[in-house]
Each structure stands twice: as C-alpha cells, then as structure tokens.
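J.: Just so you know, the sequence shown maps onto residues 5 to 452 in my numbering.
If you scroll down you'll find the structure; I have some questions about it.
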Amino acid sequence: MSAPAFEPLQGANSSAADSNAVVLAGQRDIRAWQEDLYMDFHRHPELGNQEVRTASIAAKELRSFGFEVLENIGTTGVVGILRNGEGPTVLVRADMDALPVAEETGVDYASKDTAPDDTGTEVPVSHACGHDVHVACLLGAAKLLAAKRPAWQGTFLALFQPAEELADGARTMIDDGLARLIPQPDVALAQHVLAFPSGTLGTRPGAVLSSADSMRITVFGRGSHGSMPQLAVDPVILASSIALRLQTVVSREVPPGEFAVLTIGRMTVGSKSNIISDRAVLELNIRTFDDGIRHLILEAVKRIVTGECIAAGSPQEPEFELYDHYPLTKNDPQVTARVAAAFTDHFGDRAITLDRQSASEDFSDIPNALGVPYTYWGIGGTDPQQYAKAAAAGTVSQDIPANHSPRFAPVIDPTLQTGTAAVVVAALAWLKAPAGGDRGPGHPAGGL
5 MSAPAFEPLQ GANSSAADSN AVVLAGQRDI RAWQEDLYMD FHRHPELGNQ
55 EVRTASIAAK ELRSFGFEVL ENIGTTGVVG ILRNGEGPTV LVRADMDALP
105 VAEETGVDYA SKDTAPDDTG TEVPVSHACG HDVHVACLLG AAKLLAAKRP
155 AWQGTFLALF QPAEELADGA RTMIDDGLAR LIPQPDVALA QHVLAFPSGT
205 LGTRPGAVLS SADSMRITVF GRGSHGSMPQ LAVDPVILAS SIALRLQTVV
255 SREVPPGEFA VLTIGRMTVG SKSNIISDRA VLELNIRTFD DGIRHLILEA
305 VKRIVTGECI AAGSPQEPEF ELYDHYPLTK NDPQVTARVA AAFTDHFGDR
355 AITLDRQSAS EDFSDIPNAL GVPYTYWGIG GTDPQQYAKA AAAGTVSQDI
405 PANHSPRFAP VIDPTLQTGT AAVVVAALAW LKAPAGGDRG PGHPAGGL
C-alpha cells in the first residue's frame, strides 16, 4: 500500500462536537483494557474462517456492554446491535482474520502461533495486516458508545467479519442472511490501519481501493521425453511466451493515466529435467480502479493466451478460472464529505486526504448487498518519528514495513486511540442529529 499525501481535508464545523466530547471522555478509562485486548488478539491470530477465539471474545465483550449479539453469521461473523431510541442506524465493520506469515516484528507480544491452512498444512500465523487493530478499535468504540447513551440516539451496529484475506468473508455473511438478521443500516463505515504516521487518518471520495481478480490459466502442450522435443508441444515455451506478451497489456492497451496492475504471481510446469510436460498453469492478479479497464484487461488476457496457444499448436484450448474477486471500494461522495468534515473538526490537521490504494478489500460487498452508501478510511500505524526520518531520507519504501510484511506491527499508542476515536466521531456524525434537525447532504430533516 502506498503512503498517502498529507493534504489537510477541508470541512465544516461538526454538529456532533458535544457528543464527541462526552463519549470520548471515557477513552482514558478504557485504555489499559483496550491495549491488553489488542495485545491478546495480536498474540493469538487466526486464519480466515477460523476466527473462533477472536469472534468469541468480541461477542463476550459486546454482551458485557449491553449489546444484543448475533454469532456464527457466515462462518464466525459477529454482529452487535445497540438500540438507543429513534434515529439513524450506523453499521461499522472490522475484519478479524490474520495471514499465514511468520512474524518478525520483535515486539514482546509477537505471535508464535501456527494453524492449518486450507490444504491442511501447518503454517505460521500473524496479524501482518493489522486486523487486530480494527477489532480492538471497534470494541473500544462500542464500549464508549454504550457507556454514554444519553449523548446520542439511533442504532449502532458493530460487525466483525471473517475471512477478508480470502475475499469471501463479507459474501458468506450476506449469503447467510445478514440482511434479515440486522436492522437496515442507513450508512456503513470501515477503516484500515496503514503504513503512515500514527495519529493521522485520511479518507477520500470515489475509488479508494482497487478491485482485484485472480485468474488461473491452464495451457496444454504435448508431453514427450526431454531428448525428443520434436515430438512435443512444449508448455514451458508456451507459458514463457504468454508471460512475456502479457506484459504489454498495461503498457500498450490500457490508456496512459489509467491505473492498472497485471502480475503473474505463479507459474507451474514440469516435474523432472528430462520430461517435457503436457501442461502449464499460470496464476495472475489484476487490479484496477475502473470496471471498463477491468473488462479490457480480462479480455486482452484471454485473447493473448488463446492466440499464443494457437501459434504453439496447442492440442487443446486453454482454460480460464477467475477466483478471489475483490470488488472496487468506491466511497460515496456525500457520506465521505460528512465523515471528512467530522474528522477535520475533531482531529484538525491530523485529518488528511488519502491517496488511492492499490490494495483491495471485500468490505463493500456488505453495503452493496444491503443497498446503503458507505465510506472507508485509513488510519496511520507507523511511529511518526520513524516515518519522518525515512521520508526525509527518501527511504520510506525500504524502511517502513507495509501491510503483509512480516515486520508490520502498528505502534499501540496513538494508533488505538486514533482508530477508536475515528469510529466514534464518524458514527456520531449520524447518531447525533445536527442542530435544527438537518441530517446532512441528501437526507431530509427528521430521519434518514
């Protein structure tokens, strides 16, 4: 993920400033509890659809705050519902899963856990993407809101989602009837910790995270002995030609100025030095910010692969399999403007404009399925002095571990404080009606 531009956002005075002050006054009191909770999550990460322990802790804490709790939605999904009179319904999502990465952070609460992956292989597991931060921040915000109900009105939904890293956690919750299980939200919110200075946070309207598609391509040759290549259609040569030709899709078919990434992450062919195999498998990852560009690339890949197979005399047409699709995360302009203004009012110049990120997320599957607008923002997790030193030296990409790195470990303070406050401030932009009953752009007075 790229570092954001540090351009202050422009906003108006927040109508929920008094509510923010009342609710967030409790942050100091929950700090020790929240930090202990975070470190526990960090020590004990769980892979996608295996988040049994994390989900159980989230459910237990929500019940202790007075939430109605729904469990095992999809696989391990949890939703806490806090009804607090008439008013809007705000959904905030946190993802729970970790990655099959051996942690190298050196923190004293580092993960040493392992778990079976989807093939049954025991692998190291760590929160190398920071989802433990998301869970701890949402639980902190839930606790603060529950303790200060007179300061706001409406319904707060705390949703803890499994398997974001597998690209199917949001969809499994939807497929398991999420829409009929929860009150219909008026708006959906989410955040992610990123590798920029802790204490800052940023959002942007429109496309903020790319769509992503993984594609598995099988091409067919004709096997033979390594000493008799004239009898073969060599899939090594075929796959290599395809790999080289695919590099021209972005450079020669995507219009200049449009964002696109096409990466061949894996190529599998052959079993022994003196055997010419009969097939090769290529696995691609494609990222775009525009559905038209996505379609262009997918069609170009199929055209090039098919053409190379014909040129090689392949005895069988290639096979294409799309999997692990992540939708485009495209922030609603009005929702984003409202949250950005609230952030500016509360955080001042620590609220920034976030660069578009080439990473991808499945959060938007939830609001898209529910038919509600949403916004998604980033919070910094890197020690500010460390980041400033690297920025001054021009070595951010080398010296600052990014998400999915085995060395990625957000600093606890003020990352948790900022992320928790961000959830509260964003939610209260709806849950406490502005003076005079005006509920903001696109919404008439008296209700959403």
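Each residue gets a CB set at the ideal place from its N, CA and C atoms; glycine is no exception.
Treat the numbers as computed from the prediction; the structure is a model and nothing was measured.
1) So what's Tyr-391 in DSSP terms, helix, strand or just coil?
2) Could you spell out the range, first to last residue, of the beta strand (DSSP E) harbouring Gly-210?
3) Provide the residue(s) that pair with Asp-217 in DSSP beta bridges, ordered along the chain.
4) Within its chain, find whatever has a CB closer than 6 Å to the CB of Arg-291; leave out the 5 residues flanking it on each side and keep chain order.
5) Give the secondary structure of Gln-251 by DSSP, where H, G and I count as helix, E and B as strand, and everything else as coil.
6) Using the beta-carbon count (16 or more within 10 Å), is Ala-9 buried or exposed?
7) In chain order, what residues of the same chain have a beta carbon less than 6 Å from the beta carbon of Arg-87, not counting five sequence neighbours either side?
8) Roughly how many angstroms separate the alpha carbons of Ala-433 and Trp-156, rounded to a whole number?
9) With H, G and I counted as helix, E and B as strand and the rest as coil, what does DSSP make of Ala-396?
10) Short of 8 Å in beta carbon distance, which residues of its chain neighbour Ala-132, apart from the five on each side in sequence? Order them along the chain.
11) Buried or exposed for Asp-366, please, with buried defined as at least 16 other CB atoms from any protein chain shown within 10 angstroms of its CB.
12) Could you give the distance in angstroms between the alpha-carbon of Arg-307 and the alpha-carbon of Ala-183?
13) According to DSSP, is Gln-31 part of a helix, a strand, or is it coil?
14) Compute the Euclidean distance between the alpha carbons of Val-258 and Ala-146, then round it to the nearest angstrom.
15) For Glu-323, I'd like the list of residues in its chain whose CB is within less than 6 Å of its CB, leaving aside the five on either flank, ordered along the chain.
16) What did DSSP end up calling Phe-71 once you bin it into helix, strand or coil?
17) Which complete beta strand (DSSP E) runs does the segment 258-340 hold, if anything under 3 residues is left out?
18) Just mark Thr-252 as buried or exposed, buried being the case when its beta carbon has 16 or more other beta carbons within 10 Å.
19) Provide the residue span of the alpha helix (DSSP H) that contains Asn-372, from first to last.
20) Using CA coordinates, which residue listed in Pro-239, Val-212, Ser-218 is at the minimum distance from Ser-228?
21) Beta-carbon separation of Gly-84 and Ala-162 under 8 Å?
22) According to DSSP, simplified to helix, strand and coil, what is Asn-407?
23) What does the Cβ neighbour count give for Leu-235, buried or exposed, with the cut at 16 atoms within 10 Å?
24) With 16 other CB atoms within 10 Å as the buried threshold, where does Arg-67 fall?
25) Do Asp-99 and His-135 have their CB atoms nearer than 8 Å?
26) My guess is that Leu-286 and Ile-268 are in contact by the Cβ rule of under 8 Å, so how many angstroms apart are they, rounded?
27) Identify, in the order they occur along the chain, each residue of the same chain with its Cβ nearer than 7 Å to the Cβ of Gly-230, setting aside the five sequence neighbours on each side.
28) Do you know offhand how far Tyr-380's Cα is from Phe-200's?
29) Quick one: measure Cβ to Cβ for Leu-420 and Gln-38, integer angstroms, because I've assumed they're closer than 8 Å.
30) Between the Cα of Phe-45 and the Cα atoms of Phe-164, Val-137, Gly-52, which residue gives the shortest distance?
31) Give every residue of the same chain whose Cβ lies closer than 7 Å to the Cβ of Ala-63, excluding the five residues on either side of it in the sequence, and list them in chain order.
32) With 16 other CB atoms within 10 Å as the buried threshold, where does Arg-275 fall?
33) For the alpha helix (DSSP H) that Ala-146 lies in, which residues bound it at each end?
34) Give the range of the beta strand (DSSP E) segment to which Thr-357 is assigned.
35) What residues in its chain sit with their C-beta under 6 Å from that of Thr-272, if we drop five residues either side in the sequence?
36) Which residues bound the beta strand (DSSP E) around Pro-201?
T.: In terms of the structure at hand:
1) If DSSP states are grouped into helix, strand and coil, Tyr-391 belongs with the helices.
2) 210-213 is the span of the beta strand (DSSP E), which, as asked, contains Gly-210.
3) Beta-bridge pairing links Asp-217 to Ile-290.
4) Result list for Arg-291: Ser-214, Ala-216, Val-265, Ser-362, in chain order.
5) Helix at Gln-251.
6) Here the model assigns Ala-9 a pLDDT of 35, short of 50, so the residue's position is not dependable and the matter cannot be decided.
7) So the list reads Thr-159, once near-sequence residues are dropped.
8) Between Ala-433 and Trp-156, the C-alpha separation is close to 10 Å.
9) DSSP, read as helix, strand or coil, puts Ala-396 in helix.
10) Cβ neighbours of Ala-132 within its own chain (closer than 8 Å, five residues either side excluded): Ala-102, Leu-103, Val-105, Glu-107, Asn-407, His-408, Ser-409, Pro-410, Phe-412.
11) Buried, by the Cβ-count rule.
12) Arg-307 and Ala-183: Cα-Cα distance of roughly 40 Å.
13) Under the three-state reduction of DSSP output, Gln-31 falls in the helix class.
14) Whole-angstrom Cα-Cα distance: 45 Å.
15) Taken in chain order, the residues that qualify are Thr-222.
16) Three-state DSSP puts Phe-71 in coil, outside helix and strand.
17) Qualifying beta strand (DSSP E) stretches, in chain order: 264-273, 283-292, 323-330, 333-335.
18) With fewer than 16 Cβ atoms within 10 Å of its Cβ, Thr-252 is classed as exposed.
19) Where Asn-372 is concerned, the enclosing alpha helix (DSSP H) stretches over 369-374.
20) Nearest to Ser-228 by C-alpha distance, out of Pro-239, Val-212, Ser-218, is Pro-239.
21) Yes, the pair counts as a contact, with Cβ atoms nearer than the cut-off.
22) Three-state result, Asn-407: coil.
23) Residue environment analysis places Leu-235 among the exposed positions, since fewer than 16 neighbouring C-beta atoms fall within 10 angstroms of its C-beta.
24) The residue is exposed, with fewer than 16 neighbouring Cβ atoms inside 10 Å.
25) Yes, Cβ-Cβ distance for Asp-99 and His-135 is below 8 Å.
26) Confirmed, Cβ separation roughly 6 Å.
27) Cβ neighbours of Gly-230 beyond the five flanking positions: Ser-277, Asn-278, Ile-279, Ile-280.
28) Whole-angstrom Cα-Cα distance: 16 Å.
29) About 6 Å separates the beta carbons of Leu-420 and Gln-38, which is inside the 8 Å limit, making them a contact pair.
30) When only C-alpha atoms are compared, the closest one is Val-137.
31) Cβ within range, chain order: Val-73, Glu-75, Val-82.
32) It is worth fixing the name first, because residue 275 is Ser in this sequence and not Arg. Of the residues assessed, Ser-275 falls on the exposed side of the cut-off, its CB having fewer than 16 other CB atoms within 10 angstroms.
33) 135-151 is the extent of the alpha helix (DSSP H) around Ala-146.
34) Counting along the chain, Thr-357 sits inside the beta strand (DSSP E) bounded by residues 355-357.
35) If we look at Thr-272 and ignore the five residues flanking it on each side, its Cβ neighbours are Val-285.
36) Run containing Pro-201: 191-201, per the beta strand (DSSP E) assignment.
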